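Top to bottom, those sequences are chains A and B.
Residue numbers for the first sequence, in my numbering: 1 to 495.
Residue numbers for the second sequence, in my numbering: 1001 to 1236.
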Amino acid sequence: MRWNLSVGARWALRYTVAMAATLGVFALLVHAVASQRSDRAAELLARTQAGELLDVLTAQAKVGTAAEFEQWCAQHIARRVEQSDAELGLGIRLLAFDGRLRHEAGSLRGVESILPQQVARGRVPLEVTNGEIGRSGRYFVASAAAPAGFLQVAVSTRHWVSGLAALRNLMLGALPLMLLLCGVTGLALARRSLASIDEITRIADHLGGANLHETIPTTGSGDELDRLAVTLNAMLGRIRAGVEQMRRFNANAAHEMRTPLHRIGSKLDAALAQTRDAESYRETLLELRAETDALAAAVNALLRLAQTESGLDPGHTQPVEIAKLLRTQLEFFAPLAEAREIALVLVEPLPDAVVRGDASWLERLFSNLLDNALAYSRAGDRVEVLARIEAGRVRVTVADTGPGIAPEELPQLFERFARGSAPAARGGFGLGLPLAREIARAHDGALEVDSEPGRGSRFHVVLPLIGEAPRAPVQRRRTRPGLRGRFHESPLRRR
Amino acid sequence: MKVLYVEDDAEARELIARFLGEAGLSVQTAPDGRLGLERATARAYDVLVLDVKLPGLDGFELIRRIRAAGVSTPVLCLTALGEVASRVRGLELGADDYLAKPFALAELLARIRALVRRRERPLANRMQVADLSVDVSAHQVKRAGKSIALTPREFDLLAYLMRHEGSVVSRAMIIERVWGEGFDSYSNAIDVHVNNLRNKVDRPFGTRLIHTVKGIGYVVEDRSGAEARMGGRACG
């Protein structure tokens, strides 16, 4: 069977068990100390009684004859026992030098007792021993040399034993009561401090897709539970932002996909509306091919984004020289820029910067930025690419003199399918910049932008360096072990 | 040109096999890895086209076993994009090229032909189409006896087209081999590059040798005499 106890009850239970253990140990300690002290008290009493009696006997022995002294002794010890508290269990005995019994009274009457050797031989004047006497419990017996023989005085520990018993009973009786009290107050306290957790549970219970706006009340006390509430509220905020972004993404994606789908549908309808010649059908089919290619490109870009988000495969990274990478980019885009009368400039000198990464991902990062810069530039504009090293990182800036980005559009710039209001030279799905940012992040870097409407935008890629490029071109161009099979075909890429 | 196409999706298998058949290839298919392995090792093919996700025996295991059986036929892997690890794994295991789904059938055909050509025609240092010649080691281009100066990338581009004389190379193939995988094959940049190349190699000489294949890519061939030499798909 499993016990389904609330956290509060469990806390109270544990607390009570701990308390019981503590009190139990405490009681045992008290008992041990008390019983030790009571033994000590009984021993002391036996010793002082013996000492006192010895003084009296010594004084009396000097007064009369031996017979008178013996008679006085018998009366005196009987009276002494009689006058003592019964609780003490006092017993007195006088022995001759040869150990023969002279007189006895009280608890020692009729009890066989042995005189300690040390006292009998006169080596010590007084010695206290202890032991059981019949059924009346433990006694402390002080034995000493006395006039005309030896003296023994016994004191019972009965008095202290009953005191200890009373203490024990008190503790045994009070402990359960104390523990009960402990448990009840513990439970009440635990319930009270857990009440705010119940509140958190209640709110978390009915937070869902549609209802993410509730927040957990905070007390401002800064204690553990308040901190928990603050943390959960911050987490809820991030989830809200993520859900909101996802919602916008879905709406944008649907909208962006709908447009080409609509065009495809219209072209199909127009082609089917009447019989046409083969060339006309062929024309339509090629247009449809181009439309579906564009859609496939968008789907591929989304997949690539998802792949990039899952991070670099560390087994397939390699040192990548930024200068070489940027020169290839310029070679690729220069003819296009020239055809569109845009000045595309790589600002020299380029630093010897090497980063660790996936060469084709980094290529895509920069080609997306250049593609974007050219798409938003007009004839006569200028696109500059420059790189510099700063604090262990390389910063590559792609600056254009295009229309720039309105400040209110900047926050959505890196969102999927979000496109600015500025007219672009070519259609696109607005996935290039989000992908570029994800690639930079996958390389522990960042992609930032600053822009002035009317004056142009600057995109900054910051990537961590792994060292300086080798002076001599040790590395062959783009050596990718996996692509061996494809490249033995041609030495095309030699510079 | 004999092709073995291993694909578990029946609809895709039939469609693609028909398309390749109409393009003049002799296509055999296999619906799963086990049959694929059986057929690939039983007969000699020019190219093996394998889908990576196969029931029974997956594409990677299939490549491994085919290679272990001593078959060196070029392998073209079809993968879903987003599986970068599997793509790299496929190439490392001995695939010769890969194509990410979704792809255009013309792209598939161009890549199959390129693989076959590569096998039939090993690296030539000198290539000639009509009166245009390219000397790779001397980095020299001549047409009608006249030397033509090209930028390094224009040279790479022309050499690549020349190597595949008579068969279409897609824009993606050109970009991958001349610039790298990180460039967009939908970019206009590639058309501008080809146009610049034409301005130097074709336009001053009257006869055009570099032809556009609309929606796919480019082809280098001499069409001056026999128009019939082409497969009939190209135009423009």
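Built from N, CA and C at the ideal position, the CB exists for glycine as well.
Please read all numbers here as calculations on a predicted model, not as lab measurements.
Applying a beta-carbon distance threshold of less than 7 Å, which residues of chain A neighbour residue i?
i	result
residue 1240(B)	Given that chain B is displayed from residue 1001 to residue 1236, the structure contains no residue 1240(B) and the question cannot be resolved.
residue 1110(B)	Chain A residues near residue 1110(B): none, gap ~14 Å exceeds 7 Å.
Excluding the five sequence neighbours on either side, which residues of its own chain have a C-beta within less than 6 Å of the C-beta of residue i, listed in chain order?
i	result
residue 1120(B)	none
residue 373(A)	383, 398 and 400
residue 14(A)	none
residue 185(A)	none
residue 57(A)	146 and 147
residue 448(A)	460
residue 143(A)	115, 116, 119, 127 and 152
Can you tell me whether residue i is buried or exposed, with buried defined as 16 or more other CB within 10 angstroms of its CB?
i	result
residue 235(A)	exposed
residue 344(A)	buried
residue 231(A)	exposed
residue 1173(B)	buried
residue 83(A)	exposed
residue 328(A)	buried
residue 468(A)	With a pLDDT of 47 at residue 468(A), under the threshold of 50, the modelled position of that residue is not reliable, and the figure given next carries that caveat. That one is exposed.
residue 443(A)	buried
residue 1027(B)	buried
residue 471(A)	Model confidence at residue 471(A) stands at a pLDDT of 45, short of 50, so the residue's coordinates are unreliable; what they give is reported in the following sentence. When all chains shown are included, residue 471(A) counts as exposed.
residue 157(A)	buried
residue 1188(B)	buried
residue 116(A)	buried
residue 497(A)	No answer is possible for residue 497(A): the residues shown for chain A start at 1 and end at 495.
residue 341(A)	exposed
residue 18(A)	exposed
residue 55(A)	exposed
residue 1154(B)	buried
residue 307(A)	buried
residue 368(A)	buried
So, at 7 Å on beta carbons, what are the nonlocal neighbours of residue i in its own chain, with the 5 sequence-adjacent residues on each side left out?
i	result
residue 1140(B)	1147
residue 1136(B)	1125 and 1159
residue 1030(B)	1004, 1006, 1036 and 1039
residue 1156(B)	1178
residue 1071(B)	1040 and 1041
residue 34(A)	164 and 167
residue 514(A)	Residue 514(A) lies beyond the range of chain A shown here (1 to 495); nothing can be said about it.
residue 355(A)	320, 322, 394, 443, 463, 464, 465 and 466
Just to confirm my understanding: we take residue i, look at its own chain, exclude 5 residues before and 5 after, and list those with CB closer than 8 Å. What are they?
i	result
residue 1169(B)	1110, 1114, 1160, 1161, 1217, 1218 and 1219
residue 431(A)	298, 301, 302, 305, 416 and 417
residue 1117(B)	1163, 1164 and 1167
residue 404(A)	422, 451, 452, 453, 454, 455, 456 and 457
Output yes if chain A places a C-beta closer than 9 Å to the C-beta of residue i; else output no.
i	result
residue 1031(B)	no
residue 1080(B)	yes
residue 1012(B)	no
residue 1149(B)	no
residue 1130(B)	no
List the residues of chain A that residue i touches, going by C-beta distances under 8 Å, in chain order.
i	result
residue 1214(B)	286
Just the chain E side, please: which residues come within less than 8 Å of residue i by C-beta, in chain order?
i	result
residue 233(A)	Among the chains of the structure shown, chain E does not appear; the protein chains present are A and B.
Residue i versus chain B: which residues are under 7 Å apart at the beta carbon?
i	result
residue 328(A)	1179 and 1180
residue 367(A)	1182, 1183 and 1184
Just checking: is the beta-carbon of residue i within a distance shorter than 9 Å of some beta-carbon in chain B?
i	result
residue 388(A)	no
residue 364(A)	yes
residue 280(A)	no
residue 226(A)	no
residue 261(A)	no
residue 447(A)	no
residue 303(A)	yes
Just the chain A side, please: which residues come within less than 9 Å of residue i by C-beta, in chain order?
i	result
residue 1196(B)	335, 338 and 339
residue 1068(B)	Those do not exist, as residue 1068(B) stays about 17 Å from chain A at its closest Cβ, beyond 9 Å.
residue 1104(B)	289, 292, 293 and 296
Residues of chain B with CB closer than 8 Å to the CB of residue i, please, in chain order.
i	result
residue 299(A)	1102
Inset, instruction - Check distances from the C-beta atoms of the region 1180-1194 of chain B to those of chain A and list, in chain order, the residues that come in under 9 Å. - result: 1180, 1181, 1182, 1183, 1184, 1185, 1186, 1187, 1188, 1189, 1190, 1191, 1192 and 1193
Inset, instruction - Using a Cβ-Cβ cut-off of less than 7 Å, give me the residues of the region 1155-1173 of chain B that come near chain A, in sequence order. - result: 1156, 1159, 1160 and 1163
Inset, instruction - Compile a chain-ordered list of the residues in the region 348-362 of chain A whose CB is closer than 9 Å to at least one CB of chain B. - result: 358, 359, 360, 361 and 362
Legend entry - Residues of the region 371-382 of chain A with Cβ closer than 7 Å to any Cβ of chain B, in chain order: 371
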